[in-house]
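Structure record follows, encoded as structure tokens.
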Amino acid sequence: MIKHLLILTTYGQIFYSQEFEKKKQTVDVALTGGLMSAIYSMTSETQKENISEFELVTSRIIFQEEEQDLLFVLTVDKRMDIKDTNEILKAISKRFFEKYGKLRIDGLILTDFEKDATEIIYKKLWYLTTQERKFKIWDYFATVFVTLALCWYSLLLFGSPPIAGMPEFGLKTFVWESLLQRINSPGAFILQLLFLIAVIGIPAIGIYLLFKFTHVKDIFRFPRDYLSRPSRASYAELLPNYFLFTILVSFLIYVSFMAFGGGFFSELTVYPLYPGGLYSNLNQPLDFTNLLASDVGDQLLIGIISWFTWVFVFPLIYSLLLGEKKWLKIYRNSVFIASIAIFILIICYIFAGVKYLEAVGFHPTDPATFRTEQQLLTYQLLSTIPLNIFFYGFLLFLGIGVSRVAPSKTKIPSVIALGVGIYLTLIIQRLVFFALVAPA
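Here the sequence shown is numbered in the working numbering, starting from 9 and rising by one per residue.
This is the structure in structure tokens:
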């Protein structure tokens with residue numbers, strides 16, 4: 009993503025130059041330095057203000073002037089997150105002054121600064137080293153364990169009864185009430201406490217150790233970075249194929265939250281653009297003791313179709329609309345980004361789940377009562393509005409992220425391809441849902 013770093017004075021004296029992108033032809037550093045200083049000086053004199061950046065077709069050149077007429081110039085891919093670029097420039101300039109101070113010698117090329125510049129850039133853009141890293145079979149097992157542990161915690165927080173005779177399975181029932189039942193027997197109380205620490209704490213300890221001693225943390229690290237700033241989605245092309253394991257992680261966590269959250273009773277099932285769910289009868293929460301009595305089969309089927317269309321069908325439509333020759337590469341990166349953005353949709357199912365609705369005072373399992381409650385302002389404020397905020401947040405993250413996976417040099421503008429892709433995906437979802445469930 010970073011192509012070239014140049015440190016020089018505003019009048020053209022070059023102190024440091026480093027190439028980060030392999031090219032067939034070597035760039036003339038002296039010519040480049042002269043051009044950069046000339047552009048900077050010309051804009052300062054003619055426009056009476058300094059230039060901060062200018063854009064090429066696929067690149068962006070960032071200028072940062074510091075004290076003593078020093079100019080730090082960074083050439084990056086146009087899709088690179090601009091905040092990351094500015095932070096890298098500030099860190100490089102700070103390190104430069106710490107190391108060399110006021111040292112100025114005509115013709116001096118500070119080659120020993122390469123170690124510092126490389127350290128700063130690779131610390132910020134850790135993605136640059138992942139393609140060289142070997143991902144062993146142990147890392148795959150570690151990732152599966154971490155994912156299942158996260159699913160276990162979603163079961164603990166949102167789950168339905170997994171054991172016959174247990175009226176409710178949740179944090180309160182599993183921890184607090186089980187301890188209260190044994191309060192009169194110190195031995196039983198201590199044993200139960202140790203049991204709870206084991207079943208709750210051991211997965212947490214396992215996750216910590218696996219993150220510390222394996223490469224599994226990187227698979228979860230990029231989703232965290234992307235969700236904190238979706239413009240980082242362009243870094244997806246720097247990641248090796250084993251990061252596509254995120255798709256499986258996404259699927260398992262998505263399904264666990266959807267099932268254990270108390271059902272797929274959602275305003276988003278078919279009509280996400282206005283209130284009103286289609287399947288008011290699919291409201292029975294998941295019950296491990298009586299699977300046939302619950303609607304979990306239909307709920308999971310609808311949810312998995314929704315997940316599949318957003319993760320695979322939407323990226324396919326988008327990449328084909330772009331008309332790029334390397335559409336498979338765009339598709340691969342779009343699938344990767346979509347599988348991460350889907351985590352925002354998980355929050356929708358928490359707001360739309362039966363357990364959440366019951367917790368805030370509604371009756372989703374009673375059709376007659378709930379139909380009246382849906383018209384109340386409190387229902388809109390507590391359920392529908394948050395639900396749609398996170399749904400449109402999902403679309404926003406998906407749109408920003410996917411639009412960053414390919415340069416904007418296509419026949420069809422990215423924004424049009426995104427809009428068409430989103431609405432075609434929604435249409436496909438509606439047709440499939442109607443075919444499967446509506447007739448019944």
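Built from N, CA and C at the ideal position, the CB exists for glycine as well.
Given the structure is predicted, the values throughout are model-derived calculations rather than measurements.
Short Cβ contact (9 Å threshold) for residue i with residue j
i: Pro248; j: Gln139; result: yes
i: Phe153; j: Gly214; result: yes
i: Leu64; j: Thr17; result: no
i: Leu260; j: Cys159; result: yes
i: Val440; j: Ser342; result: no
i: Phe28; j: Ile47; result: no
i: Ile128; j: Val81; result: no
i: Leu404; j: Pro231; result: no
i: His12; j: Gln21; result: no
i: Glu95; j: Lys142; result: no
i: Pro211; j: Ala157; result: yes
i: Tyr24; j: Thr119; result: yes
Same chain, Cβ closer than 6 Å to residue i, neighbours up to 5 away in sequence not counted
i: Arg190; result: Ala196, Phe197, Gln200
i: Glu74; result: Ser101
i: Thr51; result: Ile59
i: Ile325; result: Gly429, Leu432
i: Tyr364; result: Ile358
i: Leu281; result: A caution first: Leu281 carries a pLDDT of 40, below 50, which makes its placement in the model too unreliable to give a value.
i: Trp315; result: Tyr262
Close beta carbons around residue i, own chain, < 7 Å, minus the five adjacent residues each side
i: Lys220; result: none
i: Leu136; result: Tyr130, Leu246
i: Thr377; result: His371
i: Ser49; result: Thr18
i: Asp147; result: Thr222, His223, Val224
i: Val183; result: Leu204
i: Leu8; result: Since the first residue of the chain shown is 9 and the last is 448, residue 8 is not available in this structure.
i: Gly409; result: Tyr234, Pro238, Ala241, Ile345, Ala349
i: Ser288; result: Per-residue confidence for Ser288 stands at a pLDDT of 49, beneath the threshold of 50, marking its modelled position as unreliable; the derived number appears in the next sentence. Result list for Ser288: Pro375, in chain order.
Buried versus exposed, by CB contacts within 10 Å (16 or more), residue i
i: Tyr19; result: exposed
i: Tyr262; result: buried
i: Asn192; result: exposed
i: Leu444; result: exposed
i: Tyr234; result: buried
i: Phe62; result: exposed
i: Pro375; result: exposed
i: Val423; result: exposed
i: Pro421; result: exposed
i: Ser451; result: Summary: the structure shown does not reach residue 451, with the chain confined to residues 9 through 448, and so no result is reported for it.
i: Tyr387; result: buried
i: Gly84; result: It is Val, not Gly, that sits at residue 84 in the sequence shown. With 16 or more other Cβ atoms within 10 Å, it is buried.
i: Ser45; result: buried
i: Leu407; result: According to the sequence displayed, residue 407 carries Gly and not Leu. With 16 or more other Cβ atoms within 10 Å, it is buried.
9 Å Cβ cutoff, residue i in contact with chain B
i: Phe251; result: The question asks about chain B, but that chain is absent: this structure has only one protein chain.
When the options are compared against residue i, the one with the closest alpha-carbon
i: Ile145; options: Tyr387, Tyr250, Ile22; result: Tyr250
i: Val362; options: Phe230, Val207, Gln72, Phe265; result: Phe265
i: Ser162; options: Phe268, Asn94, Ser236; result: Phe268
i: Asp77; options: Thr93, Glu29, Phe105; result: Phe105
i: Thr222; options: Glu185, Ser236, Arg229, Ala150; result: Ala150
i: Ile312; options: Thr392, Leu353, Ala212; result: Leu353
i: Arg438; options: Ser45, Ile70, Thr317; result: Thr317
i: Arg68; options: Thr93, Leu164, Gly109; result: Thr93
i: Ile205; options: Tyr387, Leu179, Lys132, Pro421; result: Leu179
i: Trp134; options: Arg229, Ile310, Met44; result: Arg229
i: Phe442; options: Ile227, Lys30, Ser45, Ile310; result: Ile310
i: Val207; options: Leu164, Gly109, Ile227; result: Leu164
i: Leu329; options: Thr66, Leu385, Ser411; result: Ser411
Contacting residues, own chain, Cβ-Cβ under 8 Å from residue i (five flanking each side not counted)
i: Lys107; result: Phe121, Asp124
i: Thr155; result: Leu256, Val257, Leu260, Ile261
i: Leu97; result: Ile70, Gln72, Phe80, Leu82
i: Leu217; result: none
Proximity test, residue i beta-carbon vs the ligand NAD heavy atom, cut-off 8 Å
i: Tyr19; result: With respect to small molecules bound, the structure shown includes none, and the ligand NAD cannot be examined in it.
Exercise. Below 8 Å, can you find three or more Cβ-Cβ pairs linking the segment 425-443 to the segment 378-396?
Worked result: no
Exercise. Does the segment 250-258 come close enough to the segment 342-356 that 3 or more CB-CB pairs lie under 8 Å?
Worked result: yes
For this session: Examine the Cβ distances between the segment 231-242 and the segment 81-93 and report whether three or more of them are shorter than 8 Å.
Result: yes
Exercise. Does the segment 330-346 come within contact of the segment 363-373, defined as at least 3 CB pairs closer than 8 Å?
Worked result: no
For this session: Please determine if the segment 310-324 and the segment 431-447 are in contact, where contact requires at least 3 C-beta pairs separated by less than 8 Å.
Result: yes
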